[in-house]
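J.: Before we start, here is the structure in question, set down as structure tokens.
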Amino acid sequence: MDIEQANQSAVTRMMEARPMLTGVAAARDVIPGMHSHLLLHAGPPLAWARMSGPLRGAMIGAMLFEGLAHTEAEAIALAESGGVQFEPCHEHNTVGPMAGVTSASMLVYVVENKPDTGSPNTAYSNLNEGYGKVLRYGAYSEEVLARLRWMNTVLGPTVGAALARSGGIDLRALIAEALHMGDEGHNRNKAGSLLFLKALAPLIAQVDGAAGSQSEVLKFLGDNALSVLNPVMAACKAMTDAAHGVAGSTLVTAMARNGTDFGIRVSGLPGQWFTAPAEIPVGLFFSGFSQADANPDIGDSAITETAGIGGFAMAAAPAIVTFVGGTPRDALNATLEM
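Under the working numbering, the residues of the sequence shown are numbered 119 to 456, in order.
Laid out in structure tokens, this is it:
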């Protein structure tokens, strides 16, 4: 098979993918190769010594959450001694926003690709924490850990029970509708998150649980305009993984950052990463902070661009343009160029 034929085959596999959100499960029960002392992270492979502050913080938080360590110092010592393993989410059919840290007992979304033709595959993503102090940005205070525990005991089981009643949510259809409602699928997910809530709400209302838990979950999802980002990322991962491993194909099937390096994977070269230093984004800052405080780019969320949405669909989301800089015309030009 020549390169053109190989690329056509890979693209066809990706375009025929039908990612369905089917459930919520513990990472150790569904993610291939997951075990109690394995911590997954965004981006290409990276050792503790080269991790940036946000990724180290998220790793510390995950070790505290799992009970592998009881203090920050214990967590650092465990990491430095090799007592835990660090591996990319992408190498375990998984993606995670920002630091992307996923540990064994965390609950994850299960997204199954069910194409009309071709082989099925499955991808996973952790649950979205919402705003404020969160693990994905490297925070690991008791407030952060308490929210993670609530997500594991209330949010995840409730959403999982609702999904079990749903027969699955067609994420490709949800993404398509959201793109017509002002989202681009990466930085702006307000429409998609409301569509997600619309699909889940009547099912959550039927879930048995502690008094008030359904209301608590509905409020959390409704207040979080990023709630659908993680399932969307897993959908994009399922699509691009369907195209991975085609001999001779030059199709890029992953773009990801770990706060130190930027890496890509190529369909015809499974098992390999191609990396370069991650750039430092020029962004907006809270009062008292400046560009000097910025960290190199981090996160698996560029899987959305890899699948053709996000920045590639910026023309669909003029409201987000000022957040990333530029004008609506710039967004349109970028989409046309892509």
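C-beta atoms are modelled at their ideal positions from N, C-alpha and C, and glycine is treated no differently.
None of the values given here were measured: they were computed from a predicted structure.
Mind checking whether L321 and S284 have CB atoms under 9 Å apart?
T.: In the sequence shown, residue 321 corresponds to position 203, counting from 1. In the sequence shown, residue 284 corresponds to position 166, counting from 1. Yes. Within cutoff.
J.: If you compare alpha carbons, which of R146, I398 and Y227 is closest to Q409?
T.: Position 291 of the sequence shown, counting from 1, holds the residue named residue 409. Minimum Cα distance to Q409 is reached at I398.
J.: Below 6 Å CB to CB, which residues in the same chain sit around S311 once its five sequence neighbours on both sides are set aside?
T.: Residue numbering aside, residue 311 sits at position 193 when the sequence shown is read from its first letter. So the list reads A343, S345 and V346, once near-sequence residues are dropped.
J.: For Y258, does the count of other Cβ atoms within 10 angstroms reach 16, so buried, or fall short, so exposed?
T.: The residue given as residue 258 occupies position 140 in the sequence shown. That one is buried.
J.: Please state the DSSP three-state secondary structure of V346.
T.: Position 228 of the sequence shown holds residue 346. Correct three-state label for V346: coil.
J.: Report the rounded CA-to-CA distance for V252 versus Q324, giving the unit in angstroms.
T.: Along the sequence shown, read from residue 1 onward, the residue named residue 252 stands at position 134. Along the sequence shown, read from residue 1 onward, the residue named residue 324 stands at position 206. Whole-angstrom Cα-Cα distance: 30 Å.
J.: To the nearest angstrom, report how far apart L450 and A433 are at their CA atoms.
T.: Along the sequence shown, one-based indexing puts residue 450 at 332. Along the sequence shown, one-based indexing puts residue 433 at 315. When rounded, the distance between both Cα atoms is 4 Å.
J.: Which value, in whole angstroms, describes the spacing of the CA atoms of H298 and R290?
T.: Taking the sequence shown and counting its residues from 1, one reaches residue 298 at position 180. Taking the sequence shown and counting its residues from 1, one reaches residue 290 at position 172. H298 and R290: Cα-Cα distance of roughly 13 Å.
J.: Just grab the DSSP bridge partners of I287 for me.
T.: Counted from its first residue, the sequence shown places residue 287 at position 169. Per DSSP, L139.
J.: Which stretch, first to last residue, makes up the alpha helix (DSSP H) that contains Q203?
T.: On the sequence shown, residue 203 is found 85 positions in, with the first residue counted as 1. Element bounds for Q203: not the alpha helix (DSSP H) but the beta strand (DSSP E), Q203 to P206.
J.: Relative to the alpha-carbon of A353, which residue among K337, E423, W391 and V364 has its alpha-carbon at the smallest distance?
T.: Here residue 353 refers to the residue found at position 235 of the sequence shown. Closest option to A353, Cα to Cα, is E423.
J.: Out of curiosity, what's the CA-to-CA distance linking T371 and L157?
T.: For the purposes of this step, residue 371 is identified with residue 253 of the sequence shown, where counting begins at 1. For the purposes of this step, residue 157 is identified with residue 39 of the sequence shown, where counting begins at 1. Roughly 22 Å between the two C-alpha positions.
J.: Answer with buried or exposed for Q123, where buried requires no fewer than 16 other C-beta atoms within 10 angstroms of its C-beta.
T.: Counting from one through the sequence shown, the residue named residue 123 turns up at place 5. So Q123 ends up on the exposed side.
J.: With DSSP collapsed to three states, give me the class of V400.
T.: Walking along the sequence shown from the start, residue 400 turns up at place 282. Looking at V400 - three-state DSSP - the assignment turns out to be coil, as it is neither helix nor strand.
J.: Helix, strand or coil for H362, going by three-state DSSP, please let me know.
T.: Counting from 1 along the sequence shown, the entry for residue 362 is found at position 244. DSSP places H362 in coil when its eight states are reduced to three.
J.: With a CB to CB cut of under 7 Å and the five nearest residues on each side skipped, what residues in its chain are close to N246?
T.: Residue mapping note: residue 246 aligns to position 128 of the sequence shown, counting from 1. So the qualifying residues of the chain are N342, L344, S345, L347 and N348.
J.: Taking G377 as the reference, give the member of S170, I293 and G303 with the closest Cα.
T.: In the sequence shown, residue 377 corresponds to position 259, counting from 1. Cα-wise, what sits closest to G377 is S170.
J.: Taking just the CA atoms, how far does D301 sit from N270?
T.: By one-based count along the sequence shown, residue 270 stands at place 152. By one-based count along the sequence shown, residue 301 stands at place 183. About 28 Å.
J.: Alpha carbon to alpha carbon, how far is H159 from A217? Give it in angstroms, no decimals.
T.: Along the sequence shown, one-based indexing puts residue 217 at 99. Along the sequence shown, one-based indexing puts residue 159 at 41. Their backbone Cα atoms lie some 6 Å apart in a straight line.
J.: Going by beta-carbon coordinates alone, are L242 and A145 separated by less than 9 Å?
T.: What you label residue 242 is simply residue 124 of the sequence shown in a count that begins at 1. What you label residue 145 is simply residue 27 of the sequence shown in a count that begins at 1. As written in the sequence, residue 242 is Tyr, which differs from the Leu given in the question. Yes; because the gap between Cβ atoms is below 9 Å, this pair is in contact.
J.: With a 10 Å radius around its C-beta and 16 neighbouring C-beta atoms as the bar for buried, classify V229 as buried or exposed.
T.: Working through the sequence shown from its first residue, we reach residue 229 at position 111. Buried, since its Cβ has 16 or more Cβ neighbours within 10 Å.
J.: Considering only residues of the stretch 192-271, which uninterrupted beta strand (DSSP E) runs meet the minimum length of 3 residues and lie entirely inside it, listed in chain order?
T.: The stretch 192-271 contains these whole beta strand (DSSP E) runs: 203-206, 225-231 and 239-244.
J.: Whole angstroms are fine: how far does the CA of M152 sit from the CA of G214?
T.: On the sequence shown, position 96 is the one that residue 214 refers to. On the sequence shown, position 34 is the one that residue 152 refers to. Straight-line Cα distance between these residues: approximately 15 Å.
J.: CB A374 to CB P162, shorter than 9 Å?
T.: Here residue 374 corresponds to residue number 256 of the sequence shown, with the count starting at 1. Here residue 162 corresponds to residue number 44 of the sequence shown, with the count starting at 1. For A374 and P162, yes; Cβs fall inside 9 Å.
J.: Under 9 Å between the Cβ atoms of N307 and A296?
T.: Indexing the sequence shown from 1 puts residue 307 at position 189. Indexing the sequence shown from 1 puts residue 296 at position 178. For N307 and A296, yes; Cβs fall inside 9 Å.
J.: List the endpoints of the continuous beta strand (DSSP E) containing T453.
T.: Counting from one through the sequence shown, the residue named residue 453 turns up at place 335. It is not in any beta strand (DSSP E) - T453 instead sits in the alpha helix (DSSP H) that spans P446 to E455.
J.: Check for me: the beta strand (DSSP E) holding F441 runs from which residue to which?
T.: Residue mapping note: residue 441 aligns to position 323 of the sequence shown, counting from 1. Taken as a continuous stretch (DSSP letters only), F441 belongs to no beta strand (DSSP E), being part of the alpha helix (DSSP H) at V439 to V442.
J.: For L273, count neighbouring Cβ atoms within 10 angstroms of its own Cβ and tell me buried if that reaches 16, exposed if not.
T.: As a working note, residue 273 is residue 155 in the sequence shown. Burial call: buried.
J.: Using C-beta distances below 7 Å, list every residue in its chain close to W268, excluding the 5 sequence neighbours before and after it, in chain order.
T.: Here residue 268 refers to the residue found at position 150 of the sequence shown. The answer is none, since no qualifying residue turns up.
J.: Between the C-alpha atoms of L186 and G256, what's the straight-line distance to the nearest angstrom?
T.: Against the sequence shown, residue 186 aligns to sequence position 68. Against the sequence shown, residue 256 aligns to sequence position 138. If I take the Cα positions, the gap works out to 17 Å.
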